[in-house]
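Asker: Residue numbers (this note's numbering), protein chains in the order written: chain Y, 1 to 426; chain W, 427 to 583. Note that the Cβ used here is the ideal one computed from N, Cα and C, for glycine as well.
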């Protein structure tokens, strides 16, 4: 144990175990609060600053693009709203186990530390990735692109529940009226399935590599390739974000390539077994066989720079960029660049440092075949358009609103041109 | 380490397959994949790629080769590298369907009992995820011989 003295610690734990009812709840809250501040005080201050950087970009997006808000994934939303409260929630089950004597104080401390550390890592990663995503949207907005999908003018960072129909839709489509870009955050993810046949097809999405941002030229509303390997369309650009100082020293285990597909029946059996194991845990009975079956197997271990190269080899994008918050050592940077990965490092939270990536995205933006574009109308403009439609009908003109707007704009341009000519004559 | 020859592997694999009514034409290929992956993998890589492009990349591209002992003799089975053995099973599945992983488990199990007998076989097999039907076959075949120290193919008089 660090910081908090062993005596304080044990005393508080003992008090929790002995207390009952409301006083126990109060002691548990105090314990969780002290523990979170003890273990994660410094990191909370750091990540609170990261949240401010993210909010600052959202504010600029609001001014440039008219973005009305952000739709966060559940966990990140909770963390961004109040990091300390979010981390306290992570201790709920362990604190409860401590109170009912299922965990000794030392065991509780170890588990609490691990839970807090994991949550900090997960949310730190999600925050930096979200900041990069938002900053890239801001860059493209400054270059004349507007958010045309989804049409609620929100920055969508989540994708849970949006794939139930068997498709993977984009998080955003940006268009300047002539060219469009479709952005996908942390795709591919599993799509909905109902039986073994569906699951067999969706399986590759469960085990596929998941780069941070996939970018496609044009309006791409679904990237799933049924029975494909890779299971999604070939992306134009992959953007991978690295928030940690020493990310290049780290390694991860990939289970996807060694996991054999399971049938829908096995899936359901495992799901029920999982429920049983959870129930057994709550009821304090042995469920060792089930737990053993559910124990996670190890995957194949690769270093993080290798995984970046693997993304490139697997998806074969036209371009791949790696954004590192911190400086990347020369040899690692050179190695990645020799593999065809553009490295933009020492970015911190400097939006301007991402301009080269915005260049890559703009190059990828593809001409739109769609003959229409979406423009947000002010309430007054909507009223005028409605009045124009009604008046046009009265006059026997059955033109649809887009055609009427075209006529109105032609009249406006003609008026302005006439005014300019008159000014020049005078 | 003394290992059974491929003819001995074939003898037990055919017996195992006949008892279960499963196809065993893949036995030779599986033996080569386990013992000599370096020269065998290139010929099956396209089949593996169709099943898992990711695994195929890891097997043939040094740049993205995992730290685990994949595509090496015995695939780290003796050092308890479960993930490597799982990779081998996936390769076997890609080239021989559901029989492939069973034949891999049988090959590795035969290697084990040849060297150490049935001592600790159950624990080793559990750690490595050896299929239950292979475990029971091995125990049935070698339970009596373990005490007599007479492994190998029975000679007919």
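1. Below 7 Å between beta carbons is the criterion; list the residues of the stretch 520-550 of chain W that meet it against any residue of chain Y, in chain order.
2. Give the single residue among 86/Y, 260/Y, 55/Y whose Cα lies nearest to the Cα of residue 29/Y.
3. Using only the alpha-carbon positions, how far apart do residue 226/Y and residue 169/Y sit?
4. Tell me which residues share the same chain as residue 53/Y and place their Cβ nearer than 7 Å to its Cβ, disregarding the 5 neighbours each side in the sequence.
5. Locate the beta strand (DSSP E) running through residue 155/Y, then write down its first and last residues.
6. Once DSSP output is grouped into helix, strand and coil, what is the label at residue 221/Y?
7. Less than 8 Å between the C-beta atoms of residue 302/Y and residue 496/W, yes or no?
8. If you measure between the beta carbons of residue 306/Y and residue 490/W, is that distance less than 8 Å?
9. Compute the minimum distance between the beta carbon of residue 534/W and the heavy atoms of the ligand FMN, and state whether it is under 7 Å.
10. Can the beta-carbon of residue 16/Y be found less than 8 Å from the beta-carbon of residue 99/Y?
11. How is residue 441/W classed by DSSP in three states: helix, strand or coil?
12. Residue 184/Y by DSSP, collapsed to three states: which one?
13. Tell me, please, whether the CB atom of residue 16/Y is closer than 8 Å to any CB atom in chain W?
14. Considering only residues of the same chain and omitting the five flanking positions on each side of residue 376/Y, which have a CB-CB separation below 8 Å?
15. Below 9 Å between beta carbons is the criterion; list the residues of the stretch 302-314 of chain Y that meet it against any residue of chain W, in chain order.
16. Assuming residue 256/Y contacts residue 207/Y (C-beta within less than 8 Å), just tell me the rounded distance between them.
17. Does DSSP classify residue 362/Y as helix, strand or coil?
18. Using a Cβ cut-off of 7 Å, pull out every chain W residue sitting near residue 39/Y, in sequence order please.
19. Can you tell which of 388/Y, 423/Y, 231/Y, 136/Y has its C-alpha closest to the C-alpha of residue 401/Y?
20. Rounded to the nearest angstrom, what separates residue 482/W and residue 541/W at their Cα positions?
21. Assuming residue 187/Y and residue 223/Y are in contact, meaning their beta carbons sit under 8 Å apart, how far apart are those beta carbons, in whole angstroms?
22. Is the beta carbon of residue 351/Y closer than 8 Å to that of residue 135/Y?
23. I believe residue 51/Y touches residue 84/Y by the beta-carbon criterion, under 8 Å. Please report the beta-carbon distance rounded to the nearest angstrom.
24. Going by the CB atoms, is the gap between residue 518/W and residue 456/W shorter than 8 Å?
25. From residue 210/Y to residue 312/Y, what does the alpha carbon distance come to, in whole angstroms?
26. Do the stretch 500-512 of chain W and the stretch 529-544 of chain W meet, that is, are 3 or more Cβ pairs less than 8 Å apart?
27. Step through the CB atoms of chain W and report whether any lies within less than 8 Å of the CB of residue 258/Y.
28. Just the chain W side, please: which residues come within less than 8 Å of residue 299/Y by C-beta, in chain order?
29. Figure out for me which residue from 142/Y, 213/Y, 354/Y has the closest Cα to the Cα of residue 63/Y.
30. Looking at residue 364/Y: is its Cβ nearer than 8 Å to the Cβ of residue 237/Y?
31. Comparing the C-beta of residue 466/W with each C-beta of chain Y, is any distance below 8 Å?
32. CB-CB under 6 Å to residue 431/W, same chain, minus the five flanking residues each way: which ones, in chain order?
33. When the cut-off is 8 Å and only beta carbons count, does residue 390/Y lie next to chain W?
34. Quick check on residue 462/W: buried or exposed, where buried means 16 or more other Cβ atoms within 10 Å of its Cβ?
35. With DSSP run on the structure shown, which of helix, strand or coil describes residue 113/Y?
36. In three-state DSSP terms, what is residue 388/Y?
Answerer: Inspection of the coordinates gives the following:
1. Correct list: empty, as no residue qualifies.
2. Here the question's residue 29/Y lines up with position 29 in the first chain. Distance from the Cα of residue 29/Y is smallest, within the candidate group 86/Y, 260/Y, 55/Y, for 86/Y.
3. As a position in the first chain, residue 226/Y is number 226, starting the count at 1. As a position in the first chain, residue 169/Y is number 169, starting the count at 1. Straight through space, the alpha carbons of residue 169/Y and residue 226/Y are spaced by roughly 15 Å.
4. As a first step, residue 53/Y must be located in the first chain, where it is residue number 53. Same-chain partners within the cutoff: 131, 349.
5. The residue labelled residue 155/Y in the question sits at position 155 within the first chain. 154-156 is the extent of the beta strand (DSSP E) around residue 155/Y.
6. On the first chain, residue 221/Y is found 221 positions in, with the first residue counted as 1. Residue 221/Y sits in coil when the DSSP states are folded into three classes, being neither helix nor strand.
7. Translated into the one-based positions of the first chain, residue 302/Y becomes position 302. Translated into the one-based positions of the second chain, residue 496/W becomes position 70. Their beta carbons are not under 8 Å apart, which means residue 302/Y does not touch residue 496/W by this criterion.
8. The sequence position of residue 306/Y within the first chain is 306, counting from 1. The sequence position of residue 490/W within the second chain is 64, counting from 1. Yes, Cβ-Cβ distance for residue 306/Y and residue 490/W is below 8 Å.
9. Looking at this structure, you won't find the ligand FMN or any other ligand, since it has none at all.
10. By one-based count along the first chain, residue 16/Y stands at place 16. By one-based count along the first chain, residue 99/Y stands at place 99. Yes, Cβ-Cβ distance for residue 16/Y and residue 99/Y is below 8 Å.
11. Position 15 of the second chain, counting from 1, holds the residue named residue 441/W. Assigned with DSSP and collapsed to three states, residue 441/W falls in helix.
12. Position 184 of the first chain, counted from the start, is the residue given in the question as residue 184/Y. Three-state result, residue 184/Y: strand.
13. The count along the first chain starts at 1 and reaches residue 16/Y at position 16. Not one chain W Cβ lies under 8 Å of residue 16/Y.
14. For the purposes of this step, residue 376/Y is identified with residue 376 of the first chain, where counting begins at 1. So the list reads 66, 153, once near-sequence residues are dropped.
15. Cβ contacts with chain W come from 302, 303, 306, 307, 309, 310, 313, 314.
16. Stepping through the first chain from its first residue, residue 256/Y is reached at position 256. Stepping through the first chain from its first residue, residue 207/Y is reached at position 207. Distance from residue 256/Y to residue 207/Y at the Cβ level is roughly 3 Å; contact confirmed, criterion being Cβ atoms closer than 8 Å.
17. Position 362 of the first chain, counting from 1, holds the residue named residue 362/Y. Correct three-state label for residue 362/Y: helix.
18. What you label residue 39/Y is simply residue 39 of the first chain in a count that begins at 1. Going along chain W, no residue has its Cβ under 7 Å from residue 39/Y, so there is no contact; the nearest lies around 30 Å.
19. Taking the first chain and counting its residues from 1, the one referred to as residue 401/Y is at position 401. Relative to the Cα of residue 401/Y, the nearest Cα in the group 388/Y, 423/Y, 231/Y, 136/Y belongs to 388/Y.
20. Taking the first residue of the second chain as position 1, residue 482/W is located at position 56. Taking the first residue of the second chain as position 1, residue 541/W is located at position 115. Rounded to the nearest angstrom, the gap between the Cα atoms of residue 482/W and residue 541/W is 32 Å.
21. For this step, residue 187/Y is matched to residue 187 along the first chain. For this step, residue 223/Y is matched to residue 223 along the first chain. Their Cβ separation, rounded to whole angstroms, is 6 Å, which keeps residue 187/Y and residue 223/Y in contact under 8 Å.
22. Along the first chain, read from residue 1 onward, the residue named residue 135/Y stands at position 135. Along the first chain, read from residue 1 onward, the residue named residue 351/Y stands at position 351. Closer than 8 Å, so yes.
23. By one-based count along the first chain, residue 51/Y stands at place 51. By one-based count along the first chain, residue 84/Y stands at place 84. In this structure residue 51/Y does not touch residue 84/Y by the C-beta definition: roughly 12 Å separates them, more than the 8 Å allowed.
24. Along the second chain, read from residue 1 onward, the residue named residue 456/W stands at position 30. Along the second chain, read from residue 1 onward, the residue named residue 518/W stands at position 92. Going by C-beta atoms, residue 456/W is nearer than 8 Å to residue 518/W.
25. Here residue 210/Y corresponds to residue number 210 of the first chain, with the count starting at 1. Here residue 312/Y corresponds to residue number 312 of the first chain, with the count starting at 1. Their Cα atoms are separated by approximately 11 Å.
26. Taking a contact to require three or more Cβ pairs closer than 8 Å, the stretch 500-512 of chain W and the stretch 529-544 of chain W qualify as touching.
27. In the first chain, residue 258/Y corresponds to position 258, counting from 1. At a cut-off of 8 Å between beta-carbon atoms, residue 258/Y makes contact with chain W.
28. On the first chain, position 299 is the one that residue 299/Y refers to. Neighbours of residue 299/Y in chain W, taken as residues whose beta carbon is under 8 Å from its own, are 509 in chain order.
29. Position 63 of the first chain, counting from 1, holds the residue named residue 63/Y. Residue 63/Y has its Cα closest to that of 142/Y, out of 142/Y, 213/Y, 354/Y.
30. Taking the first chain and counting its residues from 1, the one referred to as residue 364/Y is at position 364. Taking the first chain and counting its residues from 1, the one referred to as residue 237/Y is at position 237. Judged by their CB atoms, residue 364/Y and residue 237/Y are nearer to each other than the 8 Å cut-off.
31. Position 40 of the second chain holds residue 466/W. The beta carbon of residue 466/W does not come within 8 Å of any beta carbon belonging to chain Y, so the residue lies off that interface.
32. The residue labelled residue 431/W in the question sits at position 5 within the second chain. Here the set comprises nothing.
33. For this step, residue 390/Y is matched to residue 390 along the first chain. It does not: the Cβ of residue 390/Y has no partner Cβ on chain W nearer than 8 Å.
34. In the second chain, counting from the first residue as 1, residue 462/W sits at position 36. With fewer than 16 other Cβ atoms within 10 Å, it is exposed.
35. Numbered from 1 along the first chain, position 113 holds the residue referred to as residue 113/Y. Residue 113/Y sits in a helix when the DSSP states are folded into three classes.
36. Translated into the one-based positions of the first chain, residue 388/Y becomes position 388. The answer is helix: DSSP assigns residue 388/Y an H, G or I state.
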